[in-house]
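Colleague:
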Amino acid sequence: MSNIKYDLSSTVPEYPPCQSGCPVHTDVQEYVRQISVGNYDKAVEAITAPNPMASVCGFICAHPCETECRRKDVDEAVSIRALKRFALENGKWPEVKKAEATRKEKVAVIGGGPAGLAAAKDLAEMGFAVTLFERCAEAGGAITNFIPKYRLPMEAIRKDVERVAAIGVEIKTGVELGKDISIDDLAKEYQAIILALGLPTSRSLSIEGADAKDVMLALPFLSSVKFDNFKFEPGRSVLVIGGGNVAMDVARSALRCGAESVQLACLECRDTMPANPWEIEEALDEGVVMHPGWGPMKINTDDNGNITGVEVKEVLSVLDDQNRFNPQYGEAVKVIPCNVVILAIGQTNDDLSYLTESGIELTERGSLKFNKHTMQTSRPDVFVAGEVAFGPGLAVEALASGQKVAQAVKCYLDGVPFDADFVDRHTTLNELSGSTLEKVKRLPRQEVPLLDKETRAQHFDLVEIGYDERAALCESRRCLDCAAGAECIDELCAVCLTCLRTCPYGVPTIDENGIFTIRNEECQACGLCVGICPARAIRFRNQYAQHALDQLEDAVKLAKANGEPATVVFCCSYGAFAEKAFLDYVNKEKPANLAIVRVPCVAKVEVENILNAFNLGAEAVFVAGCQEEDECTYHDVEKWAAKRAARAQEILAEIGLEKERVAFANLAVDEVRNFKTVAEDYLAKVDAVLNGEGGEE
Amino acid sequence: MIVADRKPLAEILKNIEPYKKVLILGCGECVTVCMTGGDKEARETALALSIARKKANNPVEVKSHTVERQCEPEYLESARHLVEEADVVVSLACGVGIQNMNQYYADKRTLPGVNTTFMGMPVEQGVWTENCLGCGNCVLDETMGICPIARCSKSMLNGPCGGSQNGKCEVSKDTECAWHLIVERMMKFNKLEALQEVKEPKDWSTSHHGGPRKMIREDVRL
Numbered sequence: 076m077s078n079i080k081y082d083l084s085s086t087v088p089e090y091p092p093c094q095s096g097c098p099v100h101t102d103v104q105e106y107v108r109q110i111s112v113g114n115y116d117k118a119v120e121a122i123t124a125p126n127p128m129a130s131v132c133g134f135i136c137a138h139p140c141e142t143e144c145r146r147k148d149v150d151e152a153v154s155i156r157a158l159k160r161f162a163l164e165n166g167k168w169p170e171v172k173k174a175e176a177t178r179k180e181k182v183a184v185i186g187g188g189p190a191g192l193a194a195a196k197d198l199a200e201m202g203f204a205v206t207l208f209e210r211c212a213e214a215g216g217a218i219t220n221f222i223p224k225y226r227l228p229m230e231a232i233r234k235d236v237e238r239v240a241a242i243g244v245e246i247k248t249g250v251e252l253g254k255d256i257s258i259d260d261l262a263k264e265y266q267a268i269i270l271a272l273g274l275p276t277s278r279s280l281s282i283e284g285a286d287a288k289d290v291m292l293a294l295p296f297l298s299s300v301k302f303d304n305f306k307f308e309p310g311r312s313v314l315v316i317g318g319g320n321v322a323m324d325v326a327r328s329a330l331r332c333g334a335e336s337v338q339l340a341c342l343e344c345r346d347t348m349p350a351n352p353w354e355i356e357e358a359l360d361e362g363v364v365m366h367p368g369w370g371p372m373k374i375n376t377d378d379n380g381n382i383t384g385v386e387v388k389e390v391l392s393v394l395d396d397q398n399r400f401n402p403q404y405g406e407a408v409k410v411i412p413c414n415v416v417i418l419a420i421g422q423t424n425d426d427l428s429y430l431t432e433s434g435i436e437l438t439e440r441g442s443l444k445f446n447k448h449t450m451q452t453s454r455p456d457v458f459v460a461g462e463v464a465f466g467p468g469l470a471v472e473a474l475a476s477g478q479k480v481a482q483a484v485k486c487y488l489d490g491v492p493f494d495a496d497f498v499d500r501h502t503t504l505n506e507l508s509g510s511t512l513e514k515v516k517r518l519p520r521q522e523v524p525l526l527d528k529e530t531r532a533q534h535f536d537l538v539e540i541g542y543d544e545r546a547a548l549c550e551s552r553r554c555l556d557c558a559a560g561a562e563c564i565d566e567l568c569a570v571c572l573t574c575l576r577t578c579p580y581g582v583p584t585i586d587e588n589g590i591f592t593i594r595n596e597e598c599q600a601c602g603l604c605v606g607i608c609p610a611r612a613i614r615f616r617n618q619y620a621q622h623a624l625d626q627l628e629d630a631v632k633l634a635k636a637n638g639e640p641a642t643v644v645f646c647c648s649y650g651a652f653a654e655k656a657f658l659d660y661v662n663k664e665k666p667a668n669l670a671i672v673r674v675p676c677v678a679k680v681e682v683e684n685i686l687n688a689f690n691l692g693a694e695a696v697f698v699a700g701c702q703e704e705d706e707c708t709y710h711d712v713e714k715w716a717a718k719r720a721a722r723a724q725e726i727l728a729e730i731g732l733e734k735e736r737v738a739f740a741n742l743a744v745d746e747v748r749n750f751k752t753v754a755e756d757y758l759a760k761v762d763a764v765l766n767g768e769g770g771e772e
Numbered sequence: 033m034i035v036a037d038r039k040p041l042a043e044i045l046k047n048i049e050p051y052k053k054v055l056i057l058g059c060g061e062c063v064t065v066c067m068t069g070g071d072k073e074a075r076e077t078a079l080a081l082s083i084a085r086k087k088a089n090n091p092v093e094v095k096s097h098t099v100e101r102q103c104e105p106e107y108l109e110s111a112r113h114l115v116e117e118a119d120v121v122v123s124l125a126c127g128v129g130i131q132n133m134n135q136y137y138a139d140k141r142t143l144p145g146v147n148t149t150f151m152g153m154p155v156e157q158g159v160w161t162e163n164c165l166g167c168g169n170c171v172l173d174e175t176m177g178i179c180p181i182a183r184c185s186k187s188m189l190n191g192p193c194g195g196s197q198n199g200k201c202e203v204s205k206d207t208e209c210a211w212h213l214i215v216e217r218m219m220k221f222n223k224l225e226a227l228q229e230v231k232e233p234k235d236w237s238t239s240h241h242g243g244p245r246k247m248i249r250e251d252v253r254l
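Quick note, the sequences are listed as chains A and B, same order. Counting in the working numbering, the first sequence runs from 76 upward without gaps. Counting in the working numbering, the second sequence runs from 33 upward without gaps.
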């Protein structure tokens with residue numbers, strides 16, 4: 076179910092910056108954490124729950140989550156989008172539950188793009204009967220129709236659309252509003268109608284030569300490349316006008332369609348081009364030649380009407396003081412030789428004048444009039460969502476818009492007031508303080524592998540190869556787990572300051588008034604304070620570490636039931652311990668008397684946990700850390716894990732048991748991958764100790 | 033704060049040998065801060081005792097609980113049901129708390145789980161040193177804020193003695209000579225002439241030597 080709620084209550088949730096930045100508020104922290112421990116199924120659950128186009132977003136989301144990621148101030152943001160794709164390709168997707176029809180009202184959604192699909196899904200899950208009308212042969216909107224295959228496979232879109240349909244949304248394709256159906260007809264059957272029409276029309280240019288025969292518009296070009304196998308004749312040199320993401324898609328598609336050369340000119344300078352920086356880079360890598368800061372003045376043609384070039388003029392500024400589009404030009408002029416021009420200067424809505432016959436008012440410029448608070452048009456039963464109302468944006472923003480309008484429609488059909496200002500209210504965790512930033516370990520971002528730039532523009536194969544398991548696990552460990560970590564239980568705290576002295580990040584502090592506080596918002600969730608607090612007055616806000624340790628009891632019981640001596644391994648759950656090789660050993664190969672408890676960092680294993688293993692009946696405990704310090708975000712793990720094991724050894728010795736029953740080792744990656752050998756060696760040592768052959772001389 | 037050391041587990045095990053239900057009672061103040069008798073230590077101690085008794089084929093039910101301060105009768109009430117269901121209580125509080133337990137729950141024995149050692153402070157994480165003996169007649173004004181009673185092995189009032197070498201006490205090279213520190217600080221404040229004065233022998237009657245002490249504030253008595 077969507078994370079976007081209509082909620083009038085006085086308390087609002089606080090999101091980490093990533094979740095706040097995501098327009099549909101996916102619990103990024105949760106799925107990145109699940110990836111980091113190798114639990115890709117759970118990651119998929121977290122990704123797909125609030126996002127009806129998760130698969131699409133895994134490939135092409137412009138990831139506002141990464142823009143907000145706190146790690147950007149340390150080194151570079153976590154590569155969240157690529158992690159999402161990795162999880163979706165490696166985890167099991169949860170089965171779609173068909174929504175129960177609990178409402179008698181029917182809702183029509185016009186437009187099968189992200190906004191329409193999201194609205195339809197949420198309304199179906201609310202119990203309404205929902206029909207989605209899509210004029211094209213397939214739903215998905217601009218994503219289906221225009222996003223090139225080298226960026227997004229059709230299978231990804233189809234997977235998302237099929238899941239929306241499986242919930243119970245009836246999707247009728249090839250049905251166009253204004254031609255095949257009208258609002259008035261729909262209104263006879265449907266109690267609410269949502270217009271999620273998108274911006275499916277390319278804008279043209281009113282300059283001399285713009286009507287030349289080889290001037291093409293971006294969207295029809297992209298569509299014909301995608302669906303009609305469009306190819307340029309030999310000798311075509313293309314100039315793309317525009318600097319946005321669509322322009323990049325056009326330029327890169329043109330290369331793949333056999334253009335001899337592809338150039339691009341746009342008003343904006345290189346730094347202010349509206350396209351995503353990585354899309355510009357990838358286009359440049361493929362050989363697109365760019366002329367940023369040059370505005371088209373005239374398309375030159377020869378006597379036969381063939382384009383010979385485009386006259387461009389130097390641009391001094393694009394926006395005026397009030398941020399309005401008002402380009403100012405300098406004196407410099409040049410001609411960029413080309414024989415094909417593709418205009419990618421923006422999108423607009425179709426001619427919507429037919430809607431006025433149904434009582435839906437348009438603005439003077441022909442766009443929909445609507446109330447931003449209620450998301451209603453001038454006709455109360457007709458609502459708006461997505462780009463047709465709110466202008467161009469990201470797919471994930473359109474999804475959020477669809478989820479919002481679903482809430483609006485529900486309120487309308489419930490007969491209660493709705494105000495969009497009360498949807499999606501939340502607060503956002505602040506940025507990390509400078510003092511914490513300095514102490515966070517720098518971990519280089521795992522670059523997302525792409526196809527070879529020299530050859531990839533020769534075909535439409537997916538450019539992004541994506542992470543392999545090792546890269547994904549390393550990248551996921553870069554998450555700072557913002558504010559998921561320590562919080563003080565004030566009624567238990569003895570204010571002993573042990574945490575303040577132990578924390579590697581300076582999170583616990585004494586303020587200028589002498590008041591002690593653990594600044595949870597700064598916490599990096601290493602857990603060292605929890606393990607050392609003598610009053611047990613610190614807990615994690617997120618219980619994942621505790622849940623991991625809670626596995627101990629059942630694991631020991633199982634190990635004891637299947638053979639003696641029961642032996643416990645507390646191991647890290649990150650890095651190589653999250654790889655398939657290790658998990659396969661744990662799930663399929665390990666000896667029955669070996670209990671393996673994976674903990675999100677062995678520094679979170681306390682003396683009490685080790686003793687508890689013995690008390691439950693284990694005869695020996697092995698604390699297995701890792702040698703992956705370069706990939707681990709925590710500090711001092713080995714030191715503290717070793718100290719805890721040593722303390723447990725001392726206690727055992729005090730009660731007359733062999734110290735050797737507790738072992739601690741940091742394993743190399745290869746040892747973890749070949750844990751069978753490590754375990755066999757360890758179990759042999761345990762046998763020796765239990766048979767009186769080990770121990771101190 | 034009051035610093036204590038947990039008793040050796042072997043000693044505690046011996047003391048609880050006759051019992052089948054034991055409560056380990058931690059204290060949330062000084063012994064928590066010195067990491068001897070807080071909730072964490074109480075739980076670890078309980079587990080250790082339980083493991084040992086299982087190995088000895090004499091299992092014992094050990095529970096643990098921690099109260100805010102064992103030296104205040106009112107705080108002890110919250111442990112009543114646990115105390116009553118136990119055969120014996122092992123307190124990880126200082127001697128004050130242990131005595132309070134025995135007094136408050138007069139029908140139940142509370143055994144010491146710690147050796148109360150001194151009044152001190154953490155000089156670094158995990159290291160506590162003795163700083164005050166509670167002699168009842170503070171001389172810190174005369175000794176530049178460094179206590180010769182607690183920190184000099186001989187509690188000398190006219191130091192240093194001949195055993196002071198390189199700033200260390202002859203008793204242990206890990207122990208700083210308090211009088212060396214006092215002299216250094218006197219030099220810093222240009223007060224060395226104070227050493228000329230020979231201090232009278234200390235009147236120890238204000239200390240424990242005068243018998244158990246008591247303090248009364250009539251203005252706050254009920």
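Glycine is no exception: its CB is placed at the ideal position from the N, C-alpha and C atoms. Just so it is clear, the structure is predicted and the values come from calculations on it, not from any experiment.
Report the rounded CA-to-CA distance for residue 228(B) versus residue 158(B), giving the unit in angstroms.
Modeller: Rounded to whole angstroms, residue 228(B) to residue 158(B) spans 39 Å at the Cα level.
Colleague: Would a C-beta distance cut-off of 8 Å place residue 381(A) and residue 414(A) closer than the cut-off?
Modeller: Closer than 8 Å, so yes.
Colleague: So with Cβ pairs under 8 Å, would you call residue 73(B) a contact of chain A?
Modeller: yes
Colleague: Spatial neighbours of residue 162(A) within its chain, please: CB distance less than 7 Å, with the 5 preceding and 5 following residues excluded, ordered by chain position.
Modeller: 106, 110, 115, 118, 119, 122
Colleague: Taking C-alpha atoms, which residue in 82(A), 743(A), 683(A), 378(A) lies nearest to residue 703(A)?
Modeller: 743(A)
Colleague: By the DSSP assignment, the beta strand (DSSP E) with residue 205(B) in it spans what residues?
Modeller: 204-208
Colleague: Going straight from the alpha carbon of residue 755(A) to that of residue 626(A), what length do you get?
Modeller: 22 Å
Colleague: Can you tell me which of 198(A), 582(A), 388(A), 537(A) puts its alpha carbon nearest to the alpha carbon of residue 225(A)?
Modeller: Taking residue 225(A) as reference, the option from 198(A), 582(A), 388(A), 537(A) with the minimal CA-CA separation is 537(A).
Colleague: Can you give me, in chain order, the residues of the region 94-107 of chain B that have a beta carbon less than 7 Å from any beta carbon in chain A?
Modeller: none
Colleague: By the 10 Å Cβ neighbour count, where 16 or more other Cβ atoms means buried, how is residue 170(B) classified, buried or exposed?
Modeller: Flag for residue 170(B) reads exposed.
Colleague: So what does DSSP say about residue 51(B), is it helix, strand or coil?
Modeller: coil
Colleague: Can you grab the Cα-Cα spacing for the pair residue 682(A) / residue 698(A), in whole Å?
Modeller: 11 Å
Colleague: Compare the C-beta of residue 770(A) against all C-beta atoms of chain B and say whether one is closer than 8 Å.
Modeller: In this predicted model, residue 770(A) has a pLDDT of only 49, less than 50, meaning its place in the structure is not dependable; the value taken from the coordinates is given anyway. False, the Cβ-Cβ gap to chain B never drops below 8 Å.
Colleague: Cutting at 6 Å between CB atoms, please list the residues of its own chain near residue 238(A), excluding the five before and the five after it.
Modeller: 171
Colleague: Compare the Cα-Cα distances from residue 405(A) to each of 416(A), 399(A), 389(A), 136(A) and report the closest residue.
Modeller: Distances from the alpha-carbon of residue 405(A) to those of 416(A), 399(A), 389(A), 136(A) put 389(A) closest.
Colleague: Out of 35(B), 62(B), 33(B), 77(B), state which residue places its alpha-carbon closest to the alpha-carbon of residue 43(B).
Modeller: 77(B)
Colleague: Can you pull the chain B residues whose beta carbon is under 9 Å from the beta carbon of residue 732(A), in chain order?
Modeller: 83, 84, 87
Colleague: How long is the line joining the alpha carbons of residue 385(A) and residue 284(A), rounded to whole angstroms?
Modeller: 9 Å
Colleague: Candidates 481(A), 411(A), 126(A): which alpha carbon is nearest residue 181(A)'s?
Modeller: Each of 481(A), 411(A), 126(A) was checked against the Cα of residue 181(A), and the nearest Cα belongs to 481(A).
Colleague: Using a threshold of 8 Å, state whether the C-beta atoms of residue 340(A) and residue 256(A) are closer than that.
Modeller: no
Colleague: Given that a residue counts as buried once 16 or more other Cβ atoms are within 10 Å of its Cβ, and exposed if not, what is residue 221(B)?
Modeller: exposed
Colleague: How many Å lie between residue 765(A) and residue 696(A) at the Cα?
Modeller: 13 Å
Colleague: Cβ of residue 450(A) within 8 Å of Cβ of residue 495(A)?
Modeller: yes
Colleague: Compare the C-alpha of residue 308(A) against each of 319(A), 223(A), 289(A), 293(A) and name the closest.
Modeller: 289(A)
Colleague: Which of helix, strand or coil does DSSP assign to residue 671(A)?
Modeller: strand
Colleague: For residue 533(A), count the other beta carbons within 10 Å of its own beta carbon; 16 or more makes it buried, fewer makes it exposed. Which is it?
Modeller: exposed
Colleague: Return the CA-CA distance between residue 154(A) and residue 515(A), expressed in angstroms with no decimal places.
Modeller: 17 Å
Colleague: Give the residues of chain B in contact with residue 577(A), contact being defined as C-beta atoms less than 9 Å apart.
Modeller: Result: 157.
Colleague: Please check if any C-beta of chain A sits within less than 8 Å of the C-beta of residue 67(B).
Modeller: yes
Colleague: What residues from the region 682-712 of chain A come within 7 Å of chain B, judged by C-beta to C-beta, listed N to C?
Modeller: 682, 683, 686, 687, 689, 690
Colleague: Quick one: grab the DSSP three-state call for residue 252(B).
Modeller: Here DSSP, grouped into helix, strand and coil, assigns residue 252(B) to helix.
Colleague: In chain A, which residues lie with their C-beta within 7 Å of the C-beta of residue 40(B)?
Modeller: 729
Colleague: What residue from 629(A), 169(A), 174(A), 260(A) has the CA that sits closest to residue 234(A)'s CA?
Modeller: 169(A)
Colleague: Identify each residue in the region 492-525 of chain A for which the Cβ-Cβ distance to at least one residue of chain B is less than 8 Å, and report them in chain order.
Modeller: none
Colleague: According to the Cβ coordinates, are residue 79(A) and residue 478(A) closer than 8 Å?
Modeller: yes
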